[in-house]
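2 protein chains.
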Amino acid sequence: MFESAELGHSIDKKRYAKIVPTLRADLLDVQYDLKQSGRFPVIILINGIEGAGKGETVNLLNEWMDPRFIETRAFGGLTDEERERPPMWRFWRALPPKGKIGILFGNWYADPITRHALGKIERDELDWHLAEINRFEKMLADEGALIFKFWFHLSKDAQKKRLKSLERDPKTRWRITADDWRAYKNYDAHIEASQHTLRQTSQGHAPWTVVDGSDERYRSVTVGTILLESVRKRLAWEGDTTRRITAAPIVQPIDSSNLLNRLDLTKRIGKARYAKELETWQGRLNLLTRHPKFGARSLIVVFEGNDAAGKGGAIRRITGALDARRYQIVPVAAPSEEERAQPYLWRFWRHLPRLGRIAIFDRSWYGRVLVERVEGYCSEPDWMRAYAEINDFEEQLTAAGAVVVKFWLAISPEEQLRRFKEREDTRFKRFKITEEDWRNRDKWPLYEAAVCHMVDRTSTELAPWTLVEANDKNHARIKILKTLCAALEAAL
Amino acid sequence: MFESAELGHSIDKKRYAKIVPTLRADLLDVQYDLKQSGRFPVIILINGIEGAGKGETVNLLNEWMDPRFIETRAFGGLTDEERERPPMWRFWRALPPKGKIGILFGNWYADPITRHALGKIERDELDWHLAEINRFEKMLADEGALIFKFWFHLSKDAQKKRLKSLERDPKTRWRITADDWRAYKNYDAHIEASQHTLRQTSQGHAPWTVVDGSDERYRSVTVGTILLESVRKRLAWEGDTTRRITAAPIVQPIDSSNLLNRLDLTKRIGKARYAKELETWQGRLNLLTRHPKFGARSLIVVFEGNDAAGKGGAIRRITGALDARRYQIVPVAAPSEEERAQPYLWRFWRHLPRLGRIAIFDRSWYGRVLVERVEGYCSEPDWMRAYAEINDFEEQLTAAGAVVVKFWLAISPEEQLRRFKEREDTRFKRFKITEEDWRNRDKWPLYEAAVCHMVDRTSTELAPWTLVEANDKNHARIKILKTLCAALEAAL
């Protein structure tokens, strides 16, 4: 894998001087076309051997291009705020928006490789991380990102020479620390971990490019040329970027029964029992969120449901049991322009709670496989891949300590009609009913199918769906509170 | 000040039961009108005596209204990321957008009051903080925010009774900690600091309301009613919300000389000297940003200038000396929709660098007093107040360790014309010239006046302007590099 990069590639001064002016002009040109088009982000991952010139080359790229439209990020130790979210959160918030170039040092590869090389994690744990990374990069690519992964390589001898020469020069001496020499001592283990990593994660949509780091001119021209050609090619490509689906299409069950029409919507709770149960379960929920162990967890509650199914009322019965300082409700409307310039999960990533806190999503990332699917706001390949992407996302949440609870509030078409009419007649409910609600109602069967598929594909042992019979609001609210309590009790 | 709040105000159950249903419906109503209009944010500050029911009342407000459009924030210890920015940064990033209600506990009043009550800061330092807060709140109000400041009060006896009763009840015992009793012991000093604070910061646009905290029903209805009436009144107000200016209007100097036309634009540096100096000053800048002491500072560079004055090229000569991992360039274009829902400084607040880092603003908050003034994007009262607001902002930056360096790049109209024509002819510069540039050119005298006023009013000892003669790019770039080095040398 690294053989070709140990050949000692180089470009002489004369050739370099000839190539560079055109390359620079072309790179600038393509960069502005990218900016103008705003069609996709360019994500450049920089990894490799210490001393192989990663920093110098990136600095040079910034010099060649317009640095105003490049965001270079380096990641050191975790901050408090990062420590309390999934490990990927720090990278999620550093992704460049469409039209920009983001260069990420010390990215999602750094930690798994280093930890495996140091013997802190076994091969199977490394592989688990790499599989997660592969799925993440595939999602980015499917969202349109153009991804470059550069590995700057040096042979063991070349690394030693390079470190020594940097150390000799008074101008660069400061750059060499004990860490670098430790890295050198650990060269073989590091190379082994890296080689394995590169093999496991080099894919069509996000391939690795190994660059011989021994000659500055060679490595810079190489990286610059690859960048130029790929961005140019991608900009010229006017066709459909969505992938064809190879999986079997989703079909309806042959009989007419499904998860939703099997629900017993006649379940109800009378007024007196409701008042008593409400107090009991709110009290229990309150105690659970004040449990000392909850300080090391977070709670993420997802509400989806038919229009007028009573999401708002149910949320208020939850928050009624909570301290307002601990929760945040995230009402999900159409994405803003900053959100549209990012992968569709980005607008949820930014609202993830810290430990000890609660986030309640009033509609959620499931919009992708519900409204966006039914209304055709995204293509079939896009919503088809979303199921797996969402499962990954929720797995990362739970791995970072979150308890994820998801509710679908189901009502019958007749009950919905009754509520729509009531809303139109009630003064302070008028805002709750719009033309769109009536239009959505006409698509009832399409939504029903989408909901059944969603539950089938995303109800996991880590983050199961709870279907809530919501024709009777009392029944629905108590079931929701009970479910939340059970989930927290199991977790604490 | 607190006398009336110690009378033991109360509302009996019967009256409460009669008032609340209408109050709730009205509050919901007004909340949706606010949301629909998206005209202004509502900022509610909650302060007061421990045990006076702050948390309970806020929870109740969340229950009465739609909590999806209320953002309740509490602030505990500083996070790493907060510690490396101005103290107000954590509040800046928690402000509600237009159309929403934000409730802030432990807000900007908490720290100054507590520290003064504990004897950690003297009265004059407290007053300095209060003056800063007054200016900040005035800016928010001028930006359209509706600000409520509630002080929940209890007499010393009442606080003691309340703490004891909470402690007796097994359901609430957990809430009382040693901190609360310490607060009680320190009651008198705390009240003195608070009284002084309330007096210094109660103003027409952001008055304090002292609420008797002894009776839950009374305090909740009081807060709810004030909120309702004020938001309703403000929504009904269709008129101009900008204030009339009482200050004397800005006039041009009687003679025709000004800061800009006194510049010697013939200054130039020849090619050979430029190459030598560039290397010298870039080298020095590089060393300075690697100085160990720079780890406790940050560098904020502001670029403004005539169109085609060479900002981009100058920025690249700076970044050419820097490690791409340490700096971020913030190109300032039209604000996004999220940015438009916030005070005009918000979009700069979000890009402030951590310690040890550099942010370069390619155009900046000075747009307010330049393009927005000249093009009439904001009213005269708005840009007139901006000078003082910007000075405050920069003072906070420098107090938090930032070195702030501001450049105005000046060219002559003739030189600008030459460059515009050149840009139209050069392949990879074509993106740099637009219709708008030609239009701006027609307003040269208006911009010239705006620049002179800006420099007069915002060139402070903490963050001075440097006017750069930029007809010759070599001269401009060297002067900029020299200025940056001098500023860093003075600071480190």
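Chains as they are written, first to last, in the numbering used here: chain A, 1 to 492; chain B, 1001 to 1492. Each residue gets a CB set at the ideal place from its N, CA and C atoms; glycine is no exception.
Query raised in the report: Would you call E469 of chain A buried or exposed, if buried means 16 or more other Cβ atoms sit within 10 Å of its Cβ?
Result: One-based indexing of the first sequence puts residue 469 of chain A at position 469. Buried, because 16 or more other Cβ atoms sit within 10 Å of the Cβ of E469 of chain A.
Query raised in the report: Per DSSP, what kind of secondary structure is Q1328 of chain B in: helix, strand or coil?
Result: One-based indexing of the second sequence puts residue 1328 of chain B at position 328. Of the three classes helix, strand and coil, the one that applies to Q1328 of chain B here is strand, per DSSP.
Report task. Name, going along the chain, the residues of the stretch 1306-1335 of chain B whose beta-carbon falls closer than 9 Å to a beta-carbon of chain A. Result -> Correct list: G1312, I1315, R1316, T1319, G1320, L1322, D1323, A1324, R1325, R1326, Y1327, Q1328, I1329, V1330 and P1331.
Query raised in the report: Mind checking S256 of chain A: buried by the 16 CB within 10 Å criterion, or exposed?
Result: Residue 256 of chain A sits at position 256 when you count from the first residue of the first sequence. Sixteen is the threshold: since fewer than 16 other Cβ atoms of the shown chains lie within 10 Å of the Cβ of S256 of chain A, the residue is exposed.
Query raised in the report: When the Cα atoms are used, what is the spatial distance from A321 of chain A to P331 of chain A?
Result: For the purposes of this step, residue 321 of chain A is taken as the residue at position 321 of the first sequence. For the purposes of this step, residue 331 of chain A is taken as the residue at position 331 of the first sequence. For A321 of chain A and P331 of chain A, the distance between alpha carbons rounds to 19 Å.
Query raised in the report: Tell me the DSSP bridge mates of K149 of chain A?
Result: One-based indexing of the first sequence puts residue 149 of chain A at position 149. Its beta-bridge partners are A:L45 and A:W208.
Query raised in the report: Can you check whether the CB of F1002 of chain B is closer than 8 Å to the CB of Q1195 of chain B?
Result: Taking the second sequence and counting its residues from 1, the one referred to as residue 1195 of chain B is at position 195. Taking the second sequence and counting its residues from 1, the one referred to as residue 1002 of chain B is at position 2. By the CB criterion at 8 Å, Q1195 of chain B and F1002 of chain B fall inside the cutoff.
**Report entry** Burial state of Q416 of chain A, where buried means 16 or more other Cβ atoms lie within 10 Å
**Finding:** Start at 1 with the first residue of the first sequence, and residue 416 of chain A comes out as number 416. Only buried fits Q416 of chain A, as 16 or more other CB atoms lie within 10 angstroms of its CB.
Query - beta strand (DSSP E) segments (min. 3 residues) lying fully within the stretch 1254-1315 of chain B - result: You should have 1298-1305.
Query raised in the report: Smallest Cα separation from I1433 of chain B: which of B:D1442, B:R1423, B:R1441 and B:N1440?
Result: Here the question's residue 1433 of chain B lines up with position 433 in the second sequence. The closest CA to that of I1433 of chain B, considering only B:D1442, B:R1423, B:R1441 and B:N1440, is found on B:R1423.
Query raised in the report: Which residues, taken in chain order from the stretch 1135-1161 of chain B, show a beta carbon closer than 9 Å to some beta carbon of chain A?
Result: Cβ contacts with chain A: none found.
Query - Whole-angstrom C-beta distance between G1310 of chain B and D323 of chain A, which should lie under 8 Å - result: By 1-based counting over the first sequence, the position of residue 323 of chain A is 323. By 1-based counting over the second sequence, the position of residue 1310 of chain B is 310. Between G1310 of chain B and D323 of chain A the Cβ distance is about 55 Å, and since that is not below 8 Å, they are no contact.
Query raised in the report: Quick one: complete beta strand (DSSP E) runs, 3+ long, within the stretch 349-425 of chain A?
Result: The beta strand (DSSP E) runs lying completely inside the stretch 349-425 of chain A and spanning 3 residues or more are 358-362 and 402-410, given in chain order.
Report task. Leaving aside the five residues before and after M1139 of chain B along the sequence, list all residues of the same chain whose C-beta is less than 6 Å from its C-beta, in chain order. Result -> Sequence index remark: in the second sequence, residue 1139 of chain B carries index 139 (1-based). Listed in chain order, the non-local C-beta contacts of M1139 of chain B below 6 Å within the same chain comprise E1389, local neighbours out to five positions each way being set aside.
Requested in this report: Please say whether R325 of chain A and A1074 of chain B have beta carbons closer to each other than 8 Å?
Outcome: As a position in the second sequence, residue 1074 of chain B is number 74, starting the count at 1. As a position in the first sequence, residue 325 of chain A is number 325, starting the count at 1. Yes, the pair counts as a contact, with Cβ atoms nearer than the cut-off.
Query - Separation of L345 of chain A from A1193 of chain B, as counted between CA atoms - result: Working through the second sequence from its first residue, we reach residue 1193 of chain B at position 193. Working through the first sequence from its first residue, we reach residue 345 of chain A at position 345. So the two alpha carbons sit approximately 47 Å from each other.
Report task. Output, in chain order, the set of chain B residues within a Cβ distance shorter than 8 Å of R290 of chain A. Result -> In the first sequence, residue 290 of chain A corresponds to position 290, counting from 1. Residues of chain B passing the Cβ test: W1174.
Report task. Examine chain A for any beta-carbon lying closer than 8 Å to the beta-carbon of D1127 of chain B, and answer yes or no. Result -> The residue labelled residue 1127 of chain B in the question sits at position 127 within the second sequence. D1127 of chain B has a beta carbon lying at 8 Å or more from every beta carbon in chain A.
Query raised in the report: With respect to the alpha helix (DSSP H) encompassing R1024 of chain B, which residues constitute its N-terminal and C-terminal limits?
Result: Taking the second sequence and counting its residues from 1, one reaches residue 1024 of chain B at position 24. From DSSP, the alpha helix (DSSP H) with R1024 of chain B extends over K1013 to S1037.
Query raised in the report: Out of curiosity, what's the CA-to-CA distance linking I315 of chain A and E414 of chain A?
Result: Start at 1 with the first residue of the first sequence, and residue 315 of chain A comes out as number 315. Start at 1 with the first residue of the first sequence, and residue 414 of chain A comes out as number 414. Cα-Cα distance, rounded: 23 Å.
Query - chain B contact for A470 of chain A (CB, 8 Å cutoff) - result: Position 470 of the first sequence, counted from the first residue, corresponds to residue 470 of chain A. No, A470 of chain A does not count as interfacial toward chain B.
Query raised in the report: Is it buried or exposed for D1157 of chain B, if we count other Cβ within 10 angstroms and need 16 for buried?
Result: Taking the second sequence and counting its residues from 1, one reaches residue 1157 of chain B at position 157. Burial call: exposed.
Query raised in the report: With 16 other CB atoms within 10 Å as the buried threshold, where does L118 of chain A fall?
Result: Here residue 118 of chain A refers to the residue found at position 118 when the first sequence is read from its first residue. Counting every other CB atom within 10 Å of its CB across the protein chains shown gives L118 of chain A a total below 16, marking it as exposed.
**Report entry** Any C-beta of chain B under 8 Å from that of A74 of chain A
**Finding:** For this step, residue 74 of chain A is matched to residue 74 along the first sequence. Interface with chain B (8 Å Cβ-Cβ cutoff): A74 of chain A is included.
**Report entry** Counterpart residues of E122 of chain A in DSSP-defined beta bridges
**Finding:** The count along the first sequence starts at 1 and reaches residue 122 of chain A at position 122. DSSP output for E122 of chain A lists no bridge partner at all.
Report task. Can you say whether E1084 of chain B is buried or exposed, counting buried as having 16 or more other CB atoms within 10 angstroms of its CB? Result -> To locate residue 1084 of chain B, count along the second sequence from 1; it is residue 84. With 16 or more Cβ atoms within 10 Å of its Cβ, E1084 of chain B is classed as buried.
Requested in this report: Have a look at V1369 of chain B and M1384 of chain B and give me their C-alpha separation to the nearest angstrom.
Outcome: Numbered from 1 along the second sequence, position 369 holds the residue referred to as residue 1369 of chain B. Numbered from 1 along the second sequence, position 384 holds the residue referred to as residue 1384 of chain B. Going by the C-alpha atoms only, they are around 8 Å apart.
Report task. Could you tell me whether any Cβ in chain D is nearer than 8 Å to the Cβ of E436 of chain A? Result -> This model lacks chain D altogether; the protein chains it does include are A and B.
Query - Beta-carbon neighbours of F105 of chain A, restricted to chain B and to distances below 7 Å - result: The residue labelled residue 105 of chain A in the question sits at position 105 within the first sequence. Near F105 of chain A (Cβ distances below 7 Å), the residues of chain B are R1325.
Requested in this report: Can you say whether G1172 of chain B is buried or exposed, counting buried as having 16 or more other CB atoms within 10 angstroms of its CB?
Outcome: In the second sequence, counting from the first residue as 1, residue 1172 of chain B sits at position 172. Contrary to the premise, residue 1172 of chain B reads as Thr rather than Gly in this sequence. The residue is exposed, with fewer than 16 neighbouring Cβ atoms inside 10 Å.
Query raised in the report: Does the beta carbon of P1067 of chain B come closer than 8 Å to any beta carbon on chain A?
Result: Translated into positions along the second sequence, residue 1067 of chain B becomes position 67. Judged by the 8 Å Cβ criterion, P1067 of chain B is in contact with chain A.
Query raised in the report: Going along the chain, which residues of its own chain have a beta-carbon closer than 7 Å to the beta-carbon of E1339 of chain B, five neighbours each way excluded?
Result: As a working mapping, residue 1339 of chain B is identified with position 339 in the second sequence. Excluding positions up to five away in sequence, the list reads W1346 and R1347.
Requested in this report: Taking a Cβ distance cut-off of 7 Å, strictly less, list which residues of the stretch 1042-1064 of chain B are near chain A, in chain order.
Outcome: Going along the stretch 1042-1064 of chain B in chain order, one finds G1055, V1058, N1059, N1062 and E1063 with a Cβ nearer than 7 Å to chain A.
Query raised in the report: T466 of chain A bridges to which residues according to DSSP?
Result: Against the first sequence, residue 466 of chain A aligns to sequence position 466. Looking at the DSSP assignment, T466 of chain A forms a beta bridge with A:F407.
Query raised in the report: Cβ atoms of Y218 of chain A and S10 of chain A: under 8 Å apart, would you say?
Result: In the first sequence, residue 10 of chain A corresponds to position 10, counting from 1. In the first sequence, residue 218 of chain A corresponds to position 218, counting from 1. Cβ distance < 8 Å, so S10 of chain A and Y218 of chain A count as in contact.
Query raised in the report: For chain A, is any of its Cβ atoms less than 8 Å away from the one on E1071 of chain B?
Result: By one-based count along the second sequence, residue 1071 of chain B stands at place 71. At least one C-beta of chain A is nearer than 8 Å to the C-beta of E1071 of chain B.
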